[in-house]
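Visitor: Going by my numbering, the letters in the sequence shown line up with residues 6 to 210, in that order.
Every residue gets a Cβ at the ideal spot worked out from N, C-alpha and C, and that includes glycine.
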Amino acid sequence: MSQVKTVGNFNIFSAKFVKSATSLSQLPEERLPQIAFLGRSNVGKSSLLNALMGEKNLVKVSSTPGKTQEINFFCVNDAFYLVDLPGVGYAKVGIEKREKMASFIRDYVERSEDLKGVIYLVDIRRGWTAMDLVTVEGLRESKCPVLIVASKKDKVNQSELRENTKLIQKKFELDAPPIVVSSLKKIGLDLLWNEILLSVSENEE
Ligand SMILES: Nc1nc2c(ncn2[C@@H]2O[C@H](COP(=O)(O)OP(=O)(O)O)[C@@H](O)[C@H]2O)c(=O)[nH]1
Ligand SMILES: [Mg+2]
């Protein structure tokens, strides 16, 4: 029953959906390090979580953008949580709901003591919006480690890849070019797992 999966160099003994939360009182009871995935709706957060965990449908990939309204927790190897956050700034859900979601995400980021970092996704082909820049700035201000990752590598050719990687590095003021991944083609998952494992093991007694 318990089949070990290997993604990149990382062995996954178990990957489970734990719970959905729509308020801070609903966070998982078990205290484990958390790594959260954030970015605009449709940028590929849920697909990336599935790819990282070697799953196809554990995380729901919605055909309706902006539908995920809750924070979903997935536990890997009974050791840490990967957290699927709702897409930021999706226009069609209405200003009130959007504000509510934004403040819930902000509260979660500021108050979750177990949050070790946020992986912020930007579509390599579509690039960023002002909303992305503001959100990342906000995370940095609240002292939350942010890793910018560019998604959907399979959608660009070599020259677009070079160009857009450079632009993202510059715009988000990164010391090094962002990791570029493709959930579809399973590219870059090894690099990303390395970063995640570093973050969840930091400050471990
Ligand atoms: N070509 C390509 N499409 C992707 C990739 N990752 C996600 N998608 C597609 O982008 C859409 C949004 O993906 P989803 O994971 O639901 O994004 P989320 O809203 O950020 O959770 C879906 O149609 C996915 O199939 C990728 O690496 N390559
Ligand atoms: Mg999603």
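Only counting the same chain, and skipping five residues up and downstream in sequence, which positions put a Cβ closer than 6 angstroms to that of E207?
Guide: Excluding positions up to five away in sequence, the list is empty.
Visitor: F18 by DSSP, collapsed to three states: which one?
Guide: Three-state DSSP puts F18 in coil, outside helix and strand.
Visitor: For I201, which residues from the same chain have a beta carbon less than 7 angstroms from its beta carbon, with the 5 sequence-adjacent residues on both sides left out?
Guide: Around I201: I40.
Visitor: The alpha helix (DSSP H) spanning Q8 covers which residue range?
Guide: That residue, Q8, is in no alpha helix (DSSP H); it is neither H nor E in DSSP.
Visitor: Under DSSP, the beta strand (DSSP E) around I153 begins and ends at which residues?
Guide: Its beta strand (DSSP E) spans residues 151-156.
Visitor: With distances taken between CB atoms, is the gap from K157 to G49 smaller than 8 angstroms?
Guide: Yes, the pair counts as a contact, with Cβ atoms nearer than the cut-off.
Visitor: Let me check understanding here. Comparing Cα to Cα, which of V205, M136, K190, K121 lies closest to K148?
Guide: K148 has its Cα closest to that of K121, out of V205, M136, K190, K121.
Visitor: Please give me, in chain order, every unbroken run of the alpha helix (DSSP H) with length at least 4 that falls completely inside the region 40-120.
Guide: You should have 50-58, 100-116.
Visitor: Which of the three DSSP states is assigned to A181 in this structure?
Guide: Here A181 sits in coil by DSSP.
Visitor: So if DSSP puts I201 in a beta bridge, which residue, or which two residues, is it bridged to?
Guide: Bridge partners of I201: none, in fact.
Visitor: Need the endpoints of the alpha helix (DSSP H) that T140 sits in, please.
Guide: Its alpha helix (DSSP H) spans residues 135-146.
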